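Trainee:
Protein chains: 2
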Amino acid sequence: MTESQKTQTQRNWSVPETEVVQRVHQRLEADGSDVLATIVDVDGNAYRRPGAKMLLDDAGDGVGSITAGCLEDDILRAAESVRGTGQPELVTYDLMDDDDDVWGLGVGCNGIIEVLLEPLTPSYRSATDAFTEGRDVAVLTVLSVHGEDVDASDTDSPLAYGDRAYYHPGEDRLSTPSDDDGASGDGGETTEADWPIDVLSEPASELAGRGRANVIDLEVDGTRLEVFVDGIAAPAELVVFGSGHDVGPVTELASKNDFRVTVVGFRGAVDLAERFPDADRTVTTSPGTIEDDLEMGLDDRTYAVVMTHNFVDDRLAVETLLDAGVPYVGLMGPHERFEEMIEEFDAEERTITDDDRSSLYTPIGLDLGGGSPYQIAHSIVAEVLAVHNDRDPRHLRAREGHIHDRIEVEADPTPPK
Amino acid sequence: MTESQKTQTQRNWSVPETEVVQRVHQRLEADGSDVLATIVDVDGNAYRRPGAKMLLDDAGDGVGSITAGCLEDDILRAAESVRGTGQPELVTYDLMDDDDDVWGLGVGCNGIIEVLLEPLTPSYRSATDAFTEGRDVAVLTVLSVHGEDVDASDTDSPLAYGDRAYYHPGEDRLSTPSDDDGASGDGGETTEADWPIDVLSEPASELAGRGRANVIDLEVDGTRLEVFVDGIAAPAELVVFGSGHDVGPVTELASKNDFRVTVVGFRGAVDLAERFPDADRTVTTSPGTIEDDLEMGLDDRTYAVVMTHNFVDDRLAVETLLDAGVPYVGLMGPHERFEEMIEEFDAEERTITDDDRSSLYTPIGLDLGGGSPYQIAHSIVAEVLAVHNDRDPRHLRAREGHIHDRIEVEADPTPPK
Numbered sequence: 269m270t271e272s273q274k275t276q277t278q279r280n281w282s283v284p285e286t287e288v289v290q291r292v293h294q295r296l297e298a299d300g301s302d303v304l305a306t307i308v309d310v311d312g313n314a315y316r317r318p319g320a321k322m323l324l325d326d327a328g329d330g331v332g333s334i335t336a337g338c339l340e341d342d343i344l345r346a347a348e349s350v351r352g353t354g355q356p357e358l359v360t361y362d363l364m365d366d367d368d369d370v371w372g373l374g375v376g377c378n379g380i381i382e383v384l385l386e387p388l389t390p391s392y393r394s395a396t397d398a399f400t401e402g403r404d405v406a407v408l409t410v411l412s413v414h415g416e417d418v419d420a421s422d423t424d425s426p427l428a429y430g431d432r433a434y435y436h437p438g439e440d441r442l443s444t445p446s447d448d449d450g451a452s453g454d455g456g457e458t459t460e461a462d463w464p465i466d467v468l469s470e471p472a473s474e475l476a477g478r479g480r481a482n483v484i485d486l487e488v489d490g491t492r493l494e495v496f497v498d499g500i501a502a503p504a505e506l507v508v509f510g511s512g513h514d515v516g517p518v519t520e521l522a523s524k525n526d527f528r529v530t531v532v533g534f535r536g537a538v539d540l541a542e543r544f545p546d547a548d549r550t551v552t553t554s555p556g557t558i559e560d561d562l563e564m565g566l567d568d569r570t571y572a573v574v575m576t577h578n579f580v581d582d583r584l585a586v587e588t589l590l591d592a593g594v595p596y597v598g599l600m601g602p603h604e605r606f607e608e609m610i611e612e613f614d615a616e617e618r619t620i621t622d623d624d625r626s627s628l629y630t631p632i633g634l635d636l637g638g639g640s641p642y643q644i645a646h647s648i649v650a651e652v653l654a655v656h657n658d659r660d661p662r663h664l665r666a667r668e669g670h671i672h673d674r675i676e677v678e679a680d681p682t683p684p685k
Numbered sequence: 269m270t271e272s273q274k275t276q277t278q279r280n281w282s283v284p285e286t287e288v289v290q291r292v293h294q295r296l297e298a299d300g301s302d303v304l305a306t307i308v309d310v311d312g313n314a315y316r317r318p319g320a321k322m323l324l325d326d327a328g329d330g331v332g333s334i335t336a337g338c339l340e341d342d343i344l345r346a347a348e349s350v351r352g353t354g355q356p357e358l359v360t361y362d363l364m365d366d367d368d369d370v371w372g373l374g375v376g377c378n379g380i381i382e383v384l385l386e387p388l389t390p391s392y393r394s395a396t397d398a399f400t401e402g403r404d405v406a407v408l409t410v411l412s413v414h415g416e417d418v419d420a421s422d423t424d425s426p427l428a429y430g431d432r433a434y435y436h437p438g439e440d441r442l443s444t445p446s447d448d449d450g451a452s453g454d455g456g457e458t459t460e461a462d463w464p465i466d467v468l469s470e471p472a473s474e475l476a477g478r479g480r481a482n483v484i485d486l487e488v489d490g491t492r493l494e495v496f497v498d499g500i501a502a503p504a505e506l507v508v509f510g511s512g513h514d515v516g517p518v519t520e521l522a523s524k525n526d527f528r529v530t531v532v533g534f535r536g537a538v539d540l541a542e543r544f545p546d547a548d549r550t551v552t553t554s555p556g557t558i559e560d561d562l563e564m565g566l567d568d569r570t571y572a573v574v575m576t577h578n579f580v581d582d583r584l585a586v587e588t589l590l591d592a593g594v595p596y597v598g599l600m601g602p603h604e605r606f607e608e609m610i611e612e613f614d615a616e617e618r619t620i621t622d623d624d625r626s627s628l629y630t631p632i633g634l635d636l637g638g639g640s641p642y643q644i645a646h647s648i649v650a651e652v653l654a655v656h657n658d659r660d661p662r663h664l665r666a667r668e669g670h671i672h673d674r675i676e677v678e679a680d681p682t683p684p685k
């Protein structure tokens with residue numbers, strides 16, 4: 269590899285999650301030699317959580333990361349094997365033992381990591397289409413099937429190891445790959461009726477909504493199934509009101525932290541797309557038509573930063589956002605300015621309620637003490653992340669329990685008939 | 269302007285503070301048409317603090333920002349005037365009145381901002397040399413001189429409006445511009461003896477060390493002086509131990525947040541400079557020779573992130589850092605892994621003391637809940653910023669008092685003779 273290739277490889281490893289999914293989306297129609305690696309399970313602690321993805325092409329380049337780097341060489345070799353057989357493989361890395369094996373010494377994360385490697389087929393479009401269109405989705409993969417007797421692998425279940433389906437929570441609908449999609453795997457084709465959707469829909473909805481992944485054990489008609497449910501949440505939306513140059517670093521950092529960013533300028537703000545190249549969308553609006561101009565729903569998964577530096581525009585944006593029930597409205601400026609704004613709200617009989625106040629974060633940002641445009645933006649995006657993830661933004665060393673909350677999702681084994 | 273020029277201008281406005289000073293350093297020997305704008309005083313609230321800088325060239329381009337954008341057009345005009353006269357000017361922007369003037373409506377920050385505009389001369393090298401060599405410095409500028417009778421401007425003081433000196437805390441030494449430096453200003457040349465160094469050294473040291481700026485009122489032999497003391501702290505040092513690809517985003521974000529970043533790889537780690545282009549320095553080291561290989565002092569202004577993902581290397585790095593008294597040692601990995609490390613320290617009779625524990629941040633980072641490489645890096649750099657600025661990293665809306673702590677520095681009016 270040349271030096272610039274090395275730099276590029278390095279960069280690809282640490283791209284935002286959203287970029288990994290977008291890259292998968294782009295490569296669906298490639299020559300079929302790409303392999304998708306996904307962390308299925310972690311026992312103990314690891315750098316990445318279940319659901320973390322890496323796309324590997326046949327030149328040995330990877331986009332995304334499933335460890336901090338130590339396992340990547342071995343994963344490239346495993347991908348080569350998957351490419352050869354055309355069949356998915358589950359590979360287990362035991363990093364528990366610090367003393368006597370190469371992984372333990374190299375990674376020292378005290379965890380066992382299970383990785384699913386599979387040839388990327390067009391059937392996966394069902395997942396990436398949902399993501400790019402702003403819908404949550406869960407990718408379901410059968411990891412094992414057993415009869416009532418644990419040793420017997422002969423069952424009546426139509427599902428087999430490697431079978432795949434996509435669950436779409438909004439429509440409560442499963443889609444299954446067909447031969448047209450270039451589907452691969454031992455299990456051949458399945459249909460929607462083959463999957464216990466009544467048992468899986470609840471955990472799949474929850475994991476998809478939170479963008480988390482888990483292995484679900486379930487028992488259906490005497491057959492025990494292990495299904496990997498890989499929830500891919502639509503990116504959280506961040507709407508930034510403002511067009512000053514302080515908007516630039518907020519947009520850049522939010523985008524790198526996996527938010528889909530819309531920059532909204534007031535009153536003929538021009539060249540927004542050129543000035544804020546990291547924004548996914550830019551909109552020019554006027555007081556009174558904000559919601560119409562936005563052309564997007566403002567809901568409980570929208571986060572908003574208000575930094576127009578214009579008192580009147582700020583107030584109108586805040587009012588629109590609070591009326592829409594947005595859970596995070598960060599308002600730039602000192603507390604005194606917000607007090608003035610409250611007086612104006614009172615004068616117009618739009619009283620700020622306790623609910624409004626719980627969504628309003630002003631002065632905006634975490635208290636990190638920085639004063640440069642980047643430092644201010646860093647503290648803003650840190651706050652949005654913490655609110656989005658429902659965290660108390662203290663030092664992690666002060667947190668009780670695990671760094672990543674474990675999601676315990678269980679399928680109800682006796683669904684209503 | 270073309271679109272790409274607009275994007276460039278936008279980017280220049282929001283560069284890190286360190287880049288503004290570096291840009292000033294580069295432009296010292298330019299054609300002399302550059303104008304340096306510095307916020308001298310803020311009454312009320314404003315986007316930037318005193319000391320914020322913007323360098324304006326005669327093509328109308330600016331690097332750095334002193335507001336979020338609304339005042340920049342007017343500042344460009346003021347710079348044109350300074351360029352014409354060759355004399356420094358103090359310009360005041362009153363943003364207090366929200367109702368009846370253009371600034372109030374546009375900025376709404378409830379503040380009065382005073383900006384010093386001056387032709388950039390080679391004399392300023394005294395400041396930027398210090399910065400690039402890692403030394404703190406304070407730039408002193410006389411804003412006014414009065415006799416005992418307030419109305420009388422005739423005094424015996426050798427100092428006059430616009431006079432300039434540079435204070436170097438480490439050496440307790442003033443340097444003054446000479447004609448050779450292309451110095452400008454009404455007051456002509458001064459010498460070190462003209463400046464009340466015994467009165468100024470204490471506040472100038474404190475402001476330089478903290479990178480803060482303030483106007484100091486002092487009275488010397490019946491003469492009242494107003495001196496703007498612009499403290500420029502050497503960049504804080506962040507040393508990152510590790511060479512996995514998760515080091516990339518930490519390096520990038522720390523650099524944008526004004527840290528000078530050194531990446532330290534163990535045992536023949538190669539291509540570090542190519543792989544981490546945002547690092548200011550890269551070093552390859554071995555256990556036992558860390559401090560020698562670093563070729564920099566580890567002291568109370570060094571912050572360290574330990575993320576080698578190798579248990580042995582991590583422990584050696586942590587030991588070196590704790591022994592050197594570094595105030596922040598962030599260690600990646602779960603708490604259980606740290607407990608194992610403590611056992612090894614105990615076994616080697618290097619007990620971890622309470623002091624050690626107060627410097628150790630593990631698990632590293634703020635609790636923001638993100639799991640992607642960028643989100644992890646964001647939480648790490650947010651924690652380093654908060655510790656560096658001595659802040660409790662909660663939501664700013666929960667903070668009592670001002671967002672920026674006010675530094676009250678007073679010169680002792682009766683210094684020891």
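These protein sequences, in sequence, are chains E and F. Each residue of the first sequence is one higher than the last, beginning at 269 in the numbering used here. Each residue of the second sequence is one higher than the last, beginning at 269 in the numbering used here. Using N, Cα and C, we set each Cβ at its ideal position, and we do this for glycine too. These figures come from a predicted structure and were not determined experimentally.
Closest by CA to residue 279/E, which one among 353/E, 333/E, 292/E?
Mentor: 333/E
Trainee: For residue 528/F, which residues in the same chain have their Cβ closer than 6 Å to its Cβ, ignoring the five residues on either side in sequence?
Mentor: 503, 505, 548
Trainee: When we look at the beta-carbon of residue 640/E and count the other beta-carbons within 10 Å, is it buried (16 or more) or exposed?
Mentor: buried
Trainee: Given that a residue counts as buried once 16 or more other Cβ atoms are within 10 Å of its Cβ, and exposed if not, what is residue 538/F?
Mentor: exposed
Trainee: Using the Cβ count rule (16 or more neighbours within 10 Å means buried), how would you classify residue 697/F?
Mentor: No statement about residue 697/F is possible, as the shown extent of chain F runs from 269 to 685 and does not include it.
Trainee: On the three-pair Cβ rule with 8 Å, is the region 585-596 of chain F touching the region 613-631 of chain E?
Mentor: no
Trainee: Which same chain residues, not among the five before or five after residue 369/E, have their C-beta less than 8 Å away from its C-beta?
Mentor: With a pLDDT of 42 at residue 369/E, under the threshold of 50, the modelled position of this residue cannot be trusted, and the question is left open.
Trainee: May I ask you to list, following chain order, the residues of the region 618-629 of chain E that have a beta carbon less than 8 Å from some beta carbon of chain F?
Mentor: 628, 629
Trainee: Skipping 5 residues on each side, what residues in its chain have a beta carbon closer than 6 Å to that of residue 373/E?
Mentor: Reliability fails at residue 373/E, whose pLDDT of 42 lies under 50, so the model's placement of it is uncertain and no value is given.
Trainee: Express the C-alpha separation of residue 379/E and residue 359/E in angstroms, rounding to a whole number.
Mentor: Near 14 Å, if we compare the C-alpha coordinates of residue 379/E and residue 359/E.
Trainee: At least one CB of chain E closer than 8 Å to the CB of residue 371/F: is that the case?
Mentor: Here the model assigns residue 371/F a pLDDT of 40, short of 50, so the residue's position is not dependable, and the following value carries that caveat. Not an interface residue.
Trainee: Report the rounded CA-to-CA distance for residue 564/E versus residue 442/E, giving the unit in angstroms.
Mentor: Take the alpha-carbon of residue 564/E and the one of residue 442/E: they are about 26 Å apart.
Trainee: Closest by CA to residue 642/E, which one among 315/F, 296/F, 297/F, 389/F?
Mentor: 315/F
Trainee: DSSP state of residue 544/F, grouped into three classes?
Mentor: coil
Trainee: Compare the C-alpha of residue 383/F against each of 444/F, 321/F, 354/F, 435/F and name the closest.
Mentor: 321/F
Trainee: Check whether the Cβ of residue 649/E lies closer than 8 Å to any Cβ atom in chain F.
Mentor: Cβ-Cβ to chain F under 8 Å: yes for residue 649/E.
Trainee: Considering only the alpha carbon of each residue, which of 581/F, 533/F, 407/F, 574/F lies closest to residue 391/F?
Mentor: 407/F
Trainee: Report the residue from 540/F, 624/F, 351/F whose alpha carbon sits nearest the alpha carbon of residue 328/F.
Mentor: That would be 351/F, whose Cα lies nearest to the Cα of residue 328/F.
Trainee: List, in chain order, every chain E residue whose beta-carbon is nearer than 8 Å to that of residue 643/F.
Mentor: 525, 526, 653
Trainee: What residues in the region 566-582 of chain E have a beta carbon less than 8 Å from any beta carbon of chain F?
Mentor: Per Cβ criterion, the list reads 575, 577, 578, 579, 580, 582.
Trainee: Where do the N-terminal and C-terminal ends of the beta strand (DSSP E) with residue 414/F fall, by residue?
Mentor: 405-414
Trainee: Label residue 541/F either buried or exposed according to how many other C-beta atoms from any shown protein chain fall within 10 Å of its C-beta, with 16 as the threshold for buried.
Mentor: exposed
Trainee: Roughly how many whole angstroms lie between the Cα atoms of residue 522/F and residue 494/F?
Mentor: Whole-angstrom Cα-Cα distance: 36 Å.
Trainee: Within the chosen definition, does the region 631-640 of chain F reach the region 662-669 of chain F through at least 3 CB pairs nearer than 8 Å?
Mentor: With the cut-off at 8 Å, the region 631-640 of chain F and the region 662-669 of chain F do not touch.
Trainee: I think residue 336/E touches residue 512/F, with their Cβ atoms under 8 Å apart; what is that distance to the nearest whole Å?
Mentor: Cβ-Cβ separation between residue 336/E and residue 512/F: approximately 4 Å, consistent with a contact (criterion under 8 Å).
Trainee: If you draw a straight line from the alpha carbon of residue 357/F to that of residue 413/F, how long is it in whole angstroms?
Mentor: 16 Å
Trainee: Relative to chain E, which residues along the region 403-416 of chain F have a C-beta separation below 7 Å, given in chain order?
Mentor: For the region 403-416 of chain F, which is checked against every Cβ of chain E, not one residue is closer than 7 Å.
Trainee: Spell out whether any CB of chain E is found under 8 Å from the CB atom of residue 281/F.
Mentor: Interface residue, yes.
Trainee: Helix or strand or just coil, what does DSSP make of residue 589/E?
Mentor: helix
Trainee: With 8 Å set as the bound, which would you pick, yes or no: does the beta-carbon of residue 336/F sit closer than that to a beta-carbon of chain E?
Mentor: yes
Trainee: When the distance is taken between beta carbons, is residue 661/F closer than 8 Å to residue 631/E?
Mentor: no
Trainee: Which chain F residues are close to residue 343/E, counting only those with a beta carbon under 7 Å from its beta carbon?
Mentor: The premise fails here: residue 343/E is roughly 13 Å from chain F at the closest Cβ pair, so nothing lies under 7 Å.
Trainee: Got a sec, what are the start and stop residues for the alpha helix (DSSP H) residue 606/E sits in?
Mentor: 603-615
Trainee: Looking at C-beta atoms only, is the number of pairs between the region 600-620 of chain F and the region 470-487 of chain F that lie closer than 8 Å three or more?
Mentor: no
Trainee: Which bits of chain F does residue 665/E rub up against, with CB to CB less than 7 Å?
Mentor: 629, 630, 631
Trainee: Quick check on residue 395/E: does DSSP put it in helix, strand or coil?
Mentor: helix
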